[in-house]
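Below you'll find the structure, written out as structure tokens, and then a few comments.
Structure (structure tokens):
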């Protein structure tokens with residue numbers, strides 16, 4: 003069983019919909035990252051969080067340390083949000099574990 | 006902006022060839038990483054380096070080696086490429102817990 007589980011694996015939404023991607027992990031962590039990967043491969047970091055909630059534009063990330071669970075929300079989704087979203091947990095300075103990713107497609 | 010640059014976006018190599026994937030970062034980061042990404046498996050760590058000439062095996066080092074002669078450059082070497090090494094390869098560097106990724110190299114071994 004993967005230490006980091008994401009759901010759903012694939013998600014299709016209509017433009018404007020509210021989207022939630024979930025991440026559960028089974029190990030102790032120092033931080034959790036949400037990453038975005040566009041077609042072509044490059045990965046950018048959206049959030050790094052160790053508690054509570056962070057917001058950046060239409061993106062919101064939350065984490066519940068006790069339940070070992072994090073969610074990424076996208077409000078008012080747009081086709082340009084179409085990408086693979088990856089949850090990663092940091093266990094130590096050089097130890098990151100990655101989820102398999104959620105492929106999001108937002109249709110106009 | 007931190008920049009992590011991988012030398013090639015796409016590569017096609019023949020079975021048995023020695024393959025070099027190069028990665029350069031411009032922010033003086035000590036930690037650098039090589040991952041491969043396969044469908045359904047996510048990113049898996051091949052090797053990482055925490056200083057010049059220092060390296061540590063990750064989860065899947067078999068068939069790979071690395072070189073870090075200068076702080077800004079971390080090279081991944083496939084000693085004798087095989088078809089099961091066809092994958093997307095991603096380099097990253099990190100500091101203060103934040104990771105920065107290159108654009109990826111899609112390697113096909115035929």
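Residue numbers (this note's numbering), protein chains in the order written: chain W, 3 to 110; chain Z, 6 to 115.
Each residue gets a CB set at the ideal place from its N, CA and C atoms; glycine is no exception.
Owing to the predicted nature of the structure, the values given are computational and were not obtained by experimental measurement.
The alpha-carbon of residue 107/W is positioned some 8 Å away from that of residue 12/W. Membership of residue 58/W in the beta strand (DSSP E) is indicated by the continuous run 54-58.
The beta carbon of residue 102/W sits closer than 8 Å to some beta carbon of chain Z.
Among the residues of chain Z, those whose CB is under 8 Å from the CB of residue 44/W are 106, 107, 108 and 109, following chain order. The Cβ of residue 24/W sits no closer than 8 Å to any Cβ of chain Z. At a cut-off of 8 Å, the C-beta of residue 103/Z has a neighbouring C-beta in chain W. Below 8 Å, too few C-beta pairs join the segment 40-57 of chain Z and the segment 15-22 of chain Z to call them touching: fewer than three.
If you draw a straight line from the Cα of residue 16/Z to the Cα of residue 110/Z, it is about 7 Å long. At a cut-off of 8 Å between beta-carbon atoms, residue 28/W makes no contact with chain Z. If you check each beta-carbon in the segment 54-74 of chain Z against every beta-carbon of chain W, the ones closer than 8 Å belong to 55 and 61.
Boundaries for residue 90/Z: no beta strand (DSSP E) harbours it, and the DSSP string shows neither H nor E there. Taking C-beta atoms as the reference points, residue 61/W and residue 74/W count as a pair closer than 8 Å. In the DSSP assignment, residue 59/Z falls within the beta strand (DSSP E) that extends over 59-62.
Under the rule that a run must span 3 or more residues, the beta strand (DSSP E) segments found entirely inside the segment 25-65 of chain Z read 36-43, 47-56 and 59-62. Non-local beta-carbon contacts of residue 92/Z in its own chain, meaning distances under 7 Å to residues more than five positions away in sequence, involve 41, 42, 43 and 112 in chain order.
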